Structures are given as structure tokens and as C-alpha cells.
Amino acid sequence: MTQALPVIIRKCPKEGRAMGLGVSIKRAWETVKADYNAIFERDPAVRSKLEALLCYPGFHAILMHRVAHFLWTHNLKLLARIVSHISRFLTGIEIHPGAKIGKGFFIDHGMGVVIGETAEIGDNVTLYHQVTLGGVSLKKEKRHPTLKDNVVVGAGAKILGPFTVGENSKIGANSVVVKEVPPNSTVVGIPGKVVKKEKINVMGVDLDHHLLPDPVLEAIQAILKELADLRKEVEELKGNRARKIEEKIKRLEKELLKEGYGD
């Protein structure tokens, strides 16, 4: 028994490492499954599991990023950059291996998407093509945005700087966002402005980015409504004035008739 103790002590660290590796593999597998399932949850064009596996560059890009990020965090940075470079060549999507991305990540179409080194992305986030999560500093520090859970970023949008986009928020197509976005907000324009705040989205991801409000159109519609109301008031004033003049004429006619000038 005494002789067996050193053997047990020597084995325990290995067993612990093996257990840790098993947990890591399971967690990685769950993450990949969530990324894969996101295709079916958010793209009505997908027809089969095989099509999703073979024909979705966004899925290929995030799959290769998971590998590159693992290498990056284990100090194999050159190899990580090589994997990232191959991914960009194959998919047209550039994700720095240092970027931290949660599960259920979905890039639709994907061409031209750029995600910087210090970007952080929560769970169930959706990006469309030509989206940039960029930095505005040359310092080696946090310089890219953080996207919380369930954020949707429309095609061509640019989010620039080390600030947070709150959960359940939507960024309109071609918007340029340069400051903090509160949770449950809708942002449009250049520079991006919050044009709508909603209650908490209990259903998770909301892909209705085609329903984003147009602040310019809304302003024009408000002006047109105000003009219509003013026109109505003017017509009413004209009507009241005309009635008063008509009543005055009738009153004068009656007075003239009383004086005998009407015969």
C-alpha cells in the first residue's frame, strides 16, 4: 500500500489533465453545435444539413477561428495567424485569432466581414456581410468593440472603438457606430444614433433588421403632418372669418331695411 502511494500521486495530475481535456473538448463540441444550429435558426434559405456543412462560409470561418483562437491562447501565435490567413483566403472573412467569440455565432453571406484582435462577442450574435468591428487606437490595449448577447449587425455597418453594444440591440445597415449603445436599442445613421429603445426581448435573437426606423423619413412625415394640421386650422379660420363677414353684412342689410333704404 505504501509503495502504491507514489504511483497514485504521480497519476493524479495526469488524470486531472485528462479530465480537464475531456471537459474542454465537450465544451468546444457544444460551441460548434450551437454555431451549426444557428444556421437553421436564422437562415430560411438553408435546405439540408449537408448544405449547411458544405456551403456556408460563415460557418467555415467561425470553425477555423475556434482552432486559431485555441492556438493563440496556447502561445502558438504564428500558427494561429496562419490558420486565420487560410480562413480569410477561403471564406473572405477576416477574424483575428485573438478575438473572443461566444457560442451560436452566425455570419450570413459573410464576404468582407472584419473582426479585430480585441473584439469580444457574446452568445447568439449575428453579423451580415461587410461588417467591421474595428479599432481606433494604435496602442496595444483594448481597442475593439464588445458585443453582448443577441446583437444583430446589419450589412455594411462599422462599429469602431473599445465600447459596448448592449444585449438585444440592432445596428442598421451601413451605420457607423462610435459610442456606447444601451441594451435593447436600435441604432441607425452616420454617426449612429439610438432611434428606438425596446423592452427586453425574451425570445432571444431578433432578425427584423429590415424594420429599422428611418429618422429622416420620420422627420419629414412629422413636418408634413404639422403642415396638414396648419392648413386645416387656416381653412377653419378662413371659414370663421367668412361667416363673421357674412353675418355682419346681413346685420347691416337688416338695419338698412329698418331705416327704409331697402324700398
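Count along the sequence shown from 1, then add 1; that gives the number in the working numbering.
Built from N, CA and C at the ideal position, the CB exists for glycine as well.
It should be emphasised that the depicted structure is a prediction, and the values quoted were computed from it without experimental measurement.
request  = For Y129, name the three-state secondary structure that DSSP assigns.
outcome  = Position 128 of the sequence shown, counting from 1, holds the residue named residue 129. Note: Y129 maps to strand in three-state DSSP.
Bridge-paired residues (DSSP) for G135 = Counting from one through the sequence shown, the residue named residue 135 turns up at place 134. Paired residue(s): L161.
key: Enclosing alpha helix (DSSP H) for T1 [first to last residue]   = What the structure shows of the chain is the stretch from 2 to 264, and residue 1 is not part of that stretch, so it cannot be assessed.
inquiry  = Does I250 come out as helix, strand or coil in the three-state DSSP assignment?
reply    = Indexing the sequence shown from 1 puts residue 250 at position 249. Of the three classes helix, strand and coil, the one that applies to I250 here is helix, per DSSP.
query = Is the Cβ-Cβ distance between L139 and G117 less than 7 Å?
reply = Start at 1 with the first residue of the sequence shown, and residue 139 comes out as number 138. Start at 1 with the first residue of the sequence shown, and residue 117 comes out as number 116. For the pair L139 and G117, the CB atoms are not nearer than the 7 Å cut-off.
task = Locate the beta strand (DSSP E) running through T92, then write down its first and last residues.
result = Against the sequence shown, residue 92 aligns to sequence position 91. Note, T92: premise wrong, no beta strand (DSSP E); alpha helix (DSSP H) at K78 to T92.
D36 in three-state terms, based on DSSP = Here the question's residue 36 lines up with position 35 in the sequence shown. Three-state result, D36: helix.
inquiry  = Which residue wins for smallest C-alpha separation from E121, given the options I172, G99 and E95?
reply    = Reading the sequence shown from its first residue, position 120 is the one you call residue 121. Relative to E121, the option among I172, G99 and E95 whose CA is nearest is G99.
ask   = Once you ignore the five residues that flank S88 on each side, which residues in its own chain have a CB closer than 6 Å to its CB?
value = Counting from 1 along the sequence shown, the entry for residue 88 is found at position 87. Result list for S88: A62 and M65, in chain order.
query = Looking at the structure shown, is F106 part of a helix, part of a strand, or coil, going by DSSP?
reply = Taking the first residue of the sequence shown as 1, we reach residue 106 at position 105. Correct three-state label for F106: coil.
task = Can you say whether S176 is buried or exposed, counting buried as having 16 or more other CB atoms within 10 angstroms of its CB?
result = Residue mapping note: residue 176 aligns to position 175 of the sequence shown, counting from 1. Looking at its Cβ environment, which holds 16 or more other Cβ atoms inside 10 Å, S176 is buried.
task = Leaving aside the five residues before and after Q131 along the sequence, list all residues of the same chain whose C-beta is less than 6 Å from its C-beta, in chain order.
result = Start at 1 with the first residue of the sequence shown, and residue 131 comes out as number 130. G113, A156 and G157.
ask   = Which whole-angstrom value is the C-beta distance of F41 and V47, which I expect to be below 8 Å?
value = As a working mapping, residue 41 is identified with position 40 in the sequence shown. As a working mapping, residue 47 is identified with position 46 in the sequence shown. Their Cβ separation, rounded to whole angstroms, is 6 Å, which keeps F41 and V47 in contact under 8 Å.
query = Is the stretch 169 to 189 touching the stretch 140 to 152, taking contact as three or more C-beta pairs under 8 Å?
reply = yes
ask   = When you compare only the Cα positions, how much space is there between E227 and I96?
value = Reading the sequence shown from its first residue, position 226 is the one you call residue 227. Reading the sequence shown from its first residue, position 95 is the one you call residue 96. Spanning the two alpha carbons is a distance of roughly 49 Å.
message = Restricting to Cα atoms, I'd like to know which of V115, V153 and P163 is closest to K137.
response = As a working note, residue 137 is residue 136 in the sequence shown. The sequence shown places Val at residue 137, rather than the Lys named in the question. Considering only alpha carbons, the answer is P163.
ask   = Roughly how many whole angstroms lie between the Cα atoms of E236 and G193?
value = If you number the sequence shown from 1, residue 236 lands on position 235. If you number the sequence shown from 1, residue 193 lands on position 192. So the alpha carbons of these two residues sit roughly 41 Å apart.
task = Report buried or exposed for H70, applying the criterion of at least 16 other Cβ atoms within 10 angstroms of its Cβ.
result = Walking along the sequence shown from the start, residue 70 turns up at place 69. It counts as buried.
request  = Please confirm whether G103 and G59 have their CB atoms less than 7 Å apart.
outcome  = Here the question's residue 103 lines up with position 102 in the sequence shown. Here the question's residue 59 lines up with position 58 in the sequence shown. No, the Cβ-Cβ distance between G103 and G59 is not below 7 Å.
query = Leaving out five residues before and five after G105 in sequence, what residues of the same chain have Cβ atoms less than 6 Å from its Cβ?
reply = Within the sequence shown, residue 105 is the residue found at index 104, counting from 1. A35, A39, D124 and N125.
ask   = Quick one: is F107 buried, meaning 16 or more other Cβ sit within 10 Å of its Cβ, or exposed?
value = Looking up residue 107 in the sequence shown gives position 106. Buried is the label assigned to F107, since at least 16 other Cβ atoms lie within 10 Å of its Cβ.
key: Sub-7 Å separation of I317 and V178 beta-carbons   = There is no way to answer for residue 317, as the model of the chain reaches only from 2 to 264.
key: Nearest residue (CA-CA) to I94, options L80, A81 and D109   = On the sequence shown, residue 94 is found 93 positions in, with the first residue counted as 1. The option with the nearest alpha carbon to I94 is D109.
ask   = Out of curiosity, what's the CA-to-CA distance linking A265 and E142?
value = Only positions 2 to 264 of the chain appear in the structure, and residue 265 is not among them; the question remains open.
task = Have a look at the DSSP bridge pairing and note the partners of S186.
result = Working through the sequence shown from its first residue, we reach residue 186 at position 185. According to DSSP, S186 bridges with K198.
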